[in-house]
Structure formats: structure tokens, C-alpha cells
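Enquirer: Quick one: the structure is below, questions incoming.
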Amino acid sequence: MGDRSRAPEEIAVGPELAWLLLLELRRRARSPAPLPDCFSLSLDTRGQSSGAPAGPRSTVLEIAADGSWAARVPVAESGAELFDLYLPMALARRERPFTAAHLGQSLDGRIATLEGASSYVNGPENLIHLHRMRALCDAVLVGASTVACDNPQLTTRRVVGPNPVRVILDPRRRLASTCRVFQDRAAPTLVLCDAPLADQTSLGHAEVIGIPCRDHRLDLEAALRQLRARGLFGVFVEGGGLTVSAFLERGLLDRLQIAVAPLILGSGRPGITLPPIRDLSQGLRPRHRRYAMGEDVLFDCGLRG
């Protein structure tokens, strides 16, 4: 969490300017030069961000390499929430890779109907959050079922920022080449499948990569190594439930975000599914922060340290 103790009552940095600073921070974190232990970002009154020393009319944020921050100018609460929520993904880099996952669910823990309908469990504010996470990550990753049910684009249409590399886990190569992510050329697209299937027919414009399987499941550690070897250090696992659960079970997530909507389905596909436990003490009780997103509540859970 940032230090806002020096901020006077006057508000200077709101969510729009905070977002520009986050995009600049992402750019600097992905540059070949390593980040210093502490550095500053500036934003002049015209909304132009820069890593140069701030002038008299600039607002400045001081950031430590571990993600903590302090403002040298007034920051609105809405701007501070963006820094707290998005700095870890913006700072992902070779020295500090970061993997986060997200699920949107109902009050009773369902992410979709039994038939797979999920548009939209959560409200528009959470959709904007998803697009922000895509813009700050290097790769957005989903399972084959998400592509089959939703035919998503996985781009940043709702916010300013770059499209990430799209990564699809499809161990058995069951998806058709007509899926939108394989045809639209909006962003580079990778398909990770069982290694013996990698040399089969192509999937539109996507690159197919073979990954070892264990018990008919992709080796997720090997998948992350493959992505990092390509310079993709910030990975956002956007769904679905089985994919997010697999990353969580393997201990591969730094953050887990669950957006809960005021909706009761009574049946449908569950969100998180892990092996059975016998006692509540065996359950996960991560440190977390809550963020209001319209009618939804986002639980941002830290899984490291």
C-alpha cells in the first residue's frame, strides 16, 4: 500500500492520470535496463508521463522495486486504489515474474450456467478491470473451454494500453481454427498443447507450441518457463474455473482475484475446485484487500509471503 501521508486536501491525481503512470511504469519495467531500488515517475499537467526528473508543474510518484509507493503530490483515493491494485502486474519483469488469476462469480460461487453461459455474471466495472489487467500484463492466458464457450477477443478494447500476447491452453487440440483469437490478428496468439500434437495442422494465425503433459494435464510449470523464455514475465490467467484452479493447486499464482456479483444462480459451473480437505484449517485463508467495482466486490488475494 502506498504512503499518502503528505498529500494535502487538494486532489491532483485521479484514476485517469494514475492509469497513464501505470502504463509508463509497465514500459520501464519491461525495458532491458534493470530497475533501481527506488525511482520516480512524473506526469505533467498535460497528462504526459515521463521517467525524467519532475519539473515544477509535474506530479511525481516514488516507487520501490518491491512495489511499494509514495506520493509527493496529492493523490485521490480512486487513484491510490489503482496503484495498490495494479502496481504488481505493471512491475513484472525478468527479475520479478508475476502471475495473477481472476474469476468472476455469483454469490453462490458459480462462474457460468451448466451450459456455459457467463455473459455477464459481473458488471461493466469488472470488465474494465479485466481490460486493465490485460494492458499491464505480457500474456493473457485462458483454457480451451473459455474459448469454446465465449469465443473471446482477449484485447484491451475498453482501456488505453497495448494488447497482450494471447495464450490458449488446449492440450488435446480440440478447438477449431475458426475461433476469433486464431483469425483476427489483433495480437500474437500461442496455443499450448500436448507435445505429440504440436506438429499437426495449424490453427489459423496462432503459433502452436508443444508442452509435456502429466496425467493428461499440461505441465503448467513447463508452460510458464516457455512463456518466460519468450520474455512474457507478467502472466494473467483469466479463466476459466478449471484453469485457474489448476494454477492455484500447483502453487503457481502470486495473486488470485475473485470478483463476486450480487447474483444467485443456484446451479452451474463452480469457480475454484481443489482436492478435498478434511478440516477447515487445511483451507486457504490468504491476506487480501477488497475493492468495490460497481455492484461487485473484488477480493485481491496475495498468495506469496
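The sequence shown begins at 263 in the numbering used here and counts up by one. Beta carbons are placed, not taken as given, at the ideal position from N, Cα and C, and that holds for glycine.
If you draw a straight line from the C-alpha of Asp541 to the C-alpha of Ile373, how long is it?
Expert: Working through the sequence shown from its first residue, we reach residue 541 at position 279. Working through the sequence shown from its first residue, we reach residue 373 at position 111. Going from the Cα of Asp541 to the Cα of Ile373 covers about 25 Å.
Enquirer: Alpha carbon to alpha carbon, how far is Trp331 from Arg288?
Expert: Your numbering for residue 331 matches position 69 in the sequence shown. Your numbering for residue 288 matches position 26 in the sequence shown. Approximately 15 Å, taken between the alpha carbons.
Enquirer: From Glu278 to Met351, what distance separates their C-alpha atoms?
Expert: The residue given as residue 278 occupies position 16 in the sequence shown. The residue given as residue 351 occupies position 89 in the sequence shown. Cα to Cα, Glu278 sits roughly 18 Å from Met351.
Enquirer: Which residue from Val383, Arg394, Ala484 and Leu416 puts its Cα closest to that of Thr451?
Expert: Here residue 451 corresponds to residue number 189 of the sequence shown, with the count starting at 1. Looking at the Cα atoms, Leu416 is the closest of the given residues.
Enquirer: Can you tell me where the beta strand (DSSP E) holding Phe495 begins and where it ends?
Expert: Taking the sequence shown and counting its residues from 1, one reaches residue 495 at position 233. Note, Phe495: premise wrong, no beta strand (DSSP E); not H, not E.
Enquirer: Quick one: what's Tyr553 bridged to in DSSP?
Expert: As a first step, residue 553 is located in the sequence shown; it is residue number 291 there, counting from the start. According to DSSP, Tyr553 bridges with Leu560.
Enquirer: Just mark Leu482 as buried or exposed, buried being the case when its beta carbon has 16 or more other beta carbons within 10 Å.
Expert: As a working mapping, residue 482 is identified with position 220 in the sequence shown. Leu482 comes out buried.
Enquirer: Which word fits Glu530, buried or exposed, when buried means at least 16 other C-beta atoms lie within 10 angstroms of its C-beta?
Expert: Position 268 of the sequence shown, counted from the start, is the residue given in the question as residue 530. Correcting the residue type first, residue 530 is Gly in the shown sequence and not Glu. Per the 10 Å Cβ criterion, buried.
Enquirer: Given a threshold of 16 other Cβ atoms within 10 Å of its Cβ, counted over all protein chains shown, does Asp328 qualify as buried or as exposed?
Expert: Within the sequence shown, the letter at position 66 stands for residue 328. Label assigned to Asp328: exposed.
Enquirer: For Leu459, which of Met555, Arg487, Arg434 and Asp446 has the nearest alpha-carbon?
Expert: In the sequence shown, the residue the question calls residue 459 occupies position 197. Of Met555, Arg487, Arg434 and Asp446, the residue nearest in Cα terms is Arg434.
Enquirer: Could you round the C-beta distance between Phe360 and Ala354 to whole angstroms and report it? I think they count as a contact, below 8 Å.
Expert: In the sequence shown, the residue the question calls residue 360 occupies position 98. In the sequence shown, the residue the question calls residue 354 occupies position 92. Yes, they are in contact, since the Cβ atoms of Phe360 and Ala354 sit about 4 Å apart, within 8 Å.
Enquirer: For Ser407, which of helix, strand or coil comes out of DSSP?
Expert: Position 145 of the sequence shown holds residue 407. Note: Ser407 maps to helix in three-state DSSP.
Enquirer: Where are the beta strand (DSSP E) runs, 3 residues long or more, that stay fully inside the segment 337-425, in chain order?
Expert: Listed in chain order, the complete beta strand (DSSP E) runs (minimum 3 residues) inside the segment 337-425 are 360-367, 372-374 and 401-405.
Enquirer: Do Arg290 and Gly493 have their C-beta atoms within less than 9 Å of each other?
Expert: Here residue 290 refers to the residue found at position 28 when the sequence shown is read from its first residue. Here residue 493 refers to the residue found at position 231 when the sequence shown is read from its first residue. Not closer than 9 Å, so no.
Enquirer: With distances taken from CA atoms, which of Leu514, Val522 and Thr535 is nearest Gly366?
Expert: The sequence position of residue 366 within the sequence shown is 104, counting from 1. When each option's Cα is compared against that of Gly366, the closest is Val522.
Enquirer: Starting from the C-beta of Arg420, find all residues in its chain whose C-beta is less than 6 Å away, skip the five residues before and the five after it, and write them out in chain order.
Expert: Position 158 of the sequence shown, counted from the start, is the residue given in the question as residue 420. Here the set comprises Ile390 and His393.
Enquirer: Which runs of the alpha helix (DSSP H) at least 4 residues long sit entirely within the segment 478-542? Give them in chain order.
Expert: Here the runs fully enclosed are 482-491 and 503-511.
Enquirer: Just the Cα atoms here: how many angstroms apart are Ala316 and Ala326?
Expert: Position 54 of the sequence shown, counting from 1, holds the residue named residue 316. Position 64 of the sequence shown, counting from 1, holds the residue named residue 326. Confidence is the limiting factor: at Ala316 the pLDDT is only 39, short of 50, which leaves the residue's position unreliable, though a coordinate-based value still follows. Taking the straight line joining both Cα atoms gives about 17 Å.
Enquirer: Given this structure, state the Cα-to-Cα distance separating Ile524 from Arg436, to the nearest angstrom.
Expert: Reading the sequence shown from its first residue, position 262 is the one you call residue 524. Reading the sequence shown from its first residue, position 174 is the one you call residue 436. Looking at the sequence provided, one finds Pro at residue 524 rather than Ile. Using only the alpha carbons, I get a separation of about 34 Å.
Enquirer: So what's Ala454 in DSSP terms, helix, strand or just coil?
Expert: In the sequence shown, residue 454 corresponds to position 192, counting from 1. Residue identity check: residue 454 is Leu in the sequence provided, not Ala. Here Leu454 sits in strand by DSSP.
Enquirer: Under 8 Å Cβ to Cβ from Gln488, same chain only, skipping five residues before and after it: list those, please.
Expert: On the sequence shown, residue 488 is found 226 positions in, with the first residue counted as 1. Excluding sequence neighbours, Gln488 sits near Leu454, Ile471 and Ile473.
Enquirer: Pairs of beta-carbons, one from the segment 400-409 and one from the segment 556-563, closer than 8 Å: are there three or more?
Expert: The segment 400-409 is not in contact with the segment 556-563.
Enquirer: Are the CB atoms of Val422 and Leu303 within a distance shorter than 9 Å?
Expert: Taking the sequence shown and counting its residues from 1, one reaches residue 303 at position 41. Taking the sequence shown and counting its residues from 1, one reaches residue 422 at position 160. Contact: no.
Enquirer: Beta-carbon within less than 8 Å of Pro548's beta-carbon, same chain only, minus the 5 sequence neighbours each way: which residues are those?
Expert: Stepping through the sequence shown from its first residue, residue 548 is reached at position 286. Hits under 8 Å: Leu518, Cys563, Gly564 and Leu565.
Enquirer: Can you give me the Cβ contacts of Ala280 inside the same chain, cut-off strictly under 7 Å, excluding the 5 residues immediately before and after it?
Expert: The residue given as residue 280 occupies position 18 in the sequence shown. Taken in chain order, the residues that qualify are Gly341, Leu344 and Phe345.
Enquirer: Taking the CB atoms as reference points, tell me whether His478 and Arg447 lie closer together than 9 Å.
Expert: By 1-based counting over the sequence shown, the position of residue 478 is 216. By 1-based counting over the sequence shown, the position of residue 447 is 185. No, Cβ-Cβ distance for His478 and Arg447 is not below 9 Å.
Enquirer: DSSP three-state call for Ala434: helix, strand or coil?
Expert: As a first step, residue 434 is located in the sequence shown; it is residue number 172 there, counting from the start. The amino acid at residue 434 is misidentified as Ala; the sequence shows Arg. Coil at Arg434, not helix or strand.
Enquirer: Just tell me which of Leu465, Gly503 and Ala508 has its CA closest to the CA of Leu486.
Expert: For the purposes of this step, residue 486 is taken as residue 224 along the sequence shown, with counting starting at 1. It is Ala508.
Enquirer: What's the call for Asn413, buried or exposed, on a 16-neighbour Cβ count within 10 Å?
Expert: The residue you call residue 413 lines up with position 151 of the sequence shown. Asn413 is exposed by the Cβ-count criterion.
Enquirer: Contact defined as beta carbons within less than 8 Å: I believe Arg442 pairs with Thr418. What is the distance between those atoms, to the nearest angstrom?
Expert: In the sequence shown, residue 442 corresponds to position 180, counting from 1. In the sequence shown, residue 418 corresponds to position 156, counting from 1. Actually they are not in contact, since the Cβ atoms of Arg442 and Thr418 sit about 15 Å apart, beyond 8 Å.
Enquirer: Using alpha carbons as the reference points, say which of Pro386, Thr535 and Leu527 lies closest to Arg512.
Expert: Numbered from its first residue, the sequence shown carries residue 512 at position 250. For the residues Pro386, Thr535 and Leu527, the minimum Cα distance to Arg512 belongs to Thr535.
Enquirer: So, Thr408 versus Glu469, is the Cβ gap smaller than 9 Å?
Expert: The sequence position of residue 408 within the sequence shown is 146, counting from 1. The sequence position of residue 469 within the sequence shown is 207, counting from 1. In this structure, Glu469 does not lie closer than 9 Å to Thr408 by Cβ.
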